[in-house]
Amino acid sequence: MDRKILTVDDSKMVRMIVEKTFAPYNCIVTAASDGSEGVEAALRDKPDIIFMDITMPVMTGLEALAKIRQTPEIAATPVVMLTAESDAQRLGAADELKVAGYISKPFQGDQLVLLTHKLIGLTRKK
Amino acid sequence: MSATPPPISQLSLWLVSSVHNVFDTMFQLSAEQMPAENIDLPAGETVAVSIGFAGQVNVEVLIYAPSQAAVQLASIVLDMPAAELDQPTVGDVMGELGNMVVGAVKSNVSDLGLDCTMTIPSVSFVSECRTPLHSADSSTTLGFEFHGGKCLIELVLKPAA
Numbered sequence: 001m002d003r004k005i006l007t008v009d010d011s012k013m014v015r016m017i018v019e020k021t022f023a024p025y026n027c028i029v030t031a032a033s034d035g036s037e038g039v040e041a042a043l044r045d046k047p048d049i050i051f052m053d054i055t056m057p058v059m060t061g062l063e064a065l066a067k068i069r070q071t072p073e074i075a076a077t078p079v080v081m082l083t084a085e086s087d088a089q090r091l092g093a094a095d096e097l098k099v100a101g102y103i104s105k106p107f108q109g110d111q112l113v114l115l116t117h118k119l120i121g122l123t124r125k126k
Numbered sequence: 127m128s129a130t131p132p133p134i135s136q137l138s139l140w141l142v143s144s145v146h147n148v149f150d151t152m153f154q155l156s157a158e159q160m161p162a163e164n165i166d167l168p169a170g171e172t173v174a175v176s177i178g179f180a181g182q183v184n185v186e187v188l189i190y191a192p193s194q195a196a197v198q199l200a201s202i203v204l205d206m207p208a209a210e211l212d213q214p215t216v217g218d219v220m221g222e223l224g225n226m227v228v229g230a231v232k233s234n235v236s237d238l239g240l241d242c243t244m245t246i247p248s249v250s251f252v253s254e255c256r257t258p259l260h261s262a263d264s265s266t267t268l269g270f271e272f273h274g275g276k277c278l279i280e281l282v283l284k285p286a287a
């Protein structure tokens, strides 16, 4: 069964890298460019996992994560923070919102695949 | 009592380390630091990125790279032919490069106990690189060479608000 992955990042580059990274796997990647769009996309698509940036316009990743945790239909979705800010203060704030993991930017695609496989399982396309 | 803000010399060391890490990880390129005065950016269109963080320490970082070098970086990281890249995509790559470079510096500052918030990168395409205008004791300009490309990075430490 295809896994559903949502990437929420204001950078087109990051969204494209996430999409290309998962192209060899049985999954569908959707994208949103800020936290507000990310919450809407999560409600609409019910992803199995979300990769979330922190610093974004309109609604930050931490605000979006809080919103997701308050929304029963998507509250249990694993959210991985994919962020250039890896200081204890930011990560602590995400921890309080039950984040499933962190990947610091700069990153390599393998890191996304490994963590996704660990959290929700992934299979390669034949 | 809050921690003492780091001097510009320490911020500069963090910035250099971060540039090396970003180029190595995202572009699989080695970025060699050069004296800024030895970096002569070619005439023509230049991509200028402004990004920083504000709070108990206020920093602005300005990145200048010739458009050709920026296209080269975008082509590598997106695994796309240069001819297929439009200006907004190249600008986005350079903005995210700035975000990653400065994010690591900001994280180091925050880990000292100093509260700061990152700004959203601002990217523009200018006809030529302007000469850095800031005074020597509040700013420093670093030069980098990578796979035939060059860039200048100006680090400006601003007074606390």
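Read top to bottom, the protein sequences are chains Z and X. Note that the first sequence covers residues 1 to 126 in my numbering. Note that the second sequence covers residues 127 to 287 in my numbering. Here a beta-carbon is modelled for each residue, glycine too, at the ideal position from N, C-alpha and C. Computed from a prediction, not measured in an experiment: that's the story for all the values here.
What is the DSSP secondary structure of residue i, counted as helix, strand or coil?
{"i": "M226(X)", "result": "helix"}
{"i": "M59(Z)", "result": "coil"}
{"i": "T116(Z)", "result": "helix"}
{"i": "L238(X)", "result": "coil"}
{"i": "E163(X)", "result": "helix"}
{"i": "T83(Z)", "result": "strand"}
{"i": "A157(X)", "result": "coil"}
{"i": "G214(X)", "result": "According to the sequence shown, residue 214(X) is Pro rather than Gly. P214(X) falls in the helix class under three-state DSSP."}
{"i": "N184(X)", "result": "strand"}
{"i": "G92(Z)", "result": "helix"}
{"i": "M152(X)", "result": "helix"}
{"i": "M220(X)", "result": "helix"}
{"i": "A64(Z)", "result": "helix"}
{"i": "K105(Z)", "result": "coil"}
{"i": "I28(Z)", "result": "strand"}
{"i": "Y99(Z)", "result": "The question names Tyr, but residue 99(Z) in the sequence shown is Val. Of the three classes helix, strand and coil, the one that applies to V99(Z) here is coil, per DSSP."}
For residue i, would you say it is in contact with chain X, using Cβ-to-Cβ distances shorter than 8 Å as the test?
{"i": "G33(Z)", "result": "Here residue 33(Z) is Ser; the residue named in the question, Gly, does not match the sequence. No, S33(Z) lies away from the interface with chain X (no Cβ there is under 8 Å from its Cβ)."}
{"i": "P106(Z)", "result": "yes"}
{"i": "A88(Z)", "result": "yes"}
{"i": "P84(Z)", "result": "Residue 84(Z) is actually Ala in this sequence, not Pro. Yes, A84(Z) lies at the interface with chain X (some Cβ there is under 8 Å from its Cβ)."}
{"i": "K46(Z)", "result": "no"}
{"i": "P24(Z)", "result": "no"}
{"i": "T55(Z)", "result": "yes"}
{"i": "V14(Z)", "result": "yes"}
Establish whether the CB of residue i and some CB of chain Z are separated by less than 8 Å.
{"i": "T151(X)", "result": "yes"}
{"i": "N184(X)", "result": "no"}
{"i": "G181(X)", "result": "no"}
{"i": "T215(X)", "result": "yes"}
{"i": "I246(X)", "result": "yes"}
{"i": "A230(X)", "result": "yes"}
{"i": "L204(X)", "result": "yes"}
Which whole-angstrom value describes the C-beta separation of residue i and residue j, a residue pair presumed to lie in contact below a C-beta threshold of 8 Å?
{"i": "R44(Z)", "j": "A31(Z)", "result": "Contact doesn't hold; Cβ gap of about 13 Å is too wide."}
{"i": "F153(X)", "j": "I189(X)", "result": "About 14 Å; that fails the 8 Å criterion."}
{"i": "M226(X)", "j": "V148(X)", "result": "5 Å"}
For residue i, which residues from the same chain have a beta carbon less than 6 Å from its beta carbon, with the 5 sequence-adjacent residues on both sides left out?
{"i": "E158(X)", "result": "E271"}
{"i": "G275(X)", "result": "A195 and Q198"}
{"i": "I246(X)", "result": "none"}
Excluding sequence positions up to five away, which residues of its chain have a Cβ less than 7 Å from the Cβ of residue i?
{"i": "L137(X)", "result": "V185, V231, L281 and L283"}
{"i": "L91(Z)", "result": "Y102"}
{"i": "E254(X)", "result": "A169 and T172"}
Leaving aside the five residues before and after residue i along the sequence, list all residues of the same chain whose C-beta is less than 8 Å from its C-beta, in chain order.
{"i": "M59(Z)", "result": "D34, G35, S36, G38, V39 and K67"}
Could you compute how far the alpha carbon of residue i sits from the alpha carbon of residue j?
{"i": "S288(X)", "j": "P133(X)", "result": "There is simply no residue 288(X) to check, as chain X begins at 127 and stops at 287 in what is shown."}
{"i": "P128(Z)", "j": "G121(Z)", "result": "Summary: the structure shown does not reach residue 128(Z), with chain Z confined to residues 1 through 126, and so no result is reported for it."}
{"i": "K12(Z)", "j": "K20(Z)", "result": "12 Å"}
Closer than 7 Å, Cβ to any Cβ of chain C: which residues of the stretch 135-159 of chain X, in chain order? Structure shown: chain C not included; protein chains present are Z and X.
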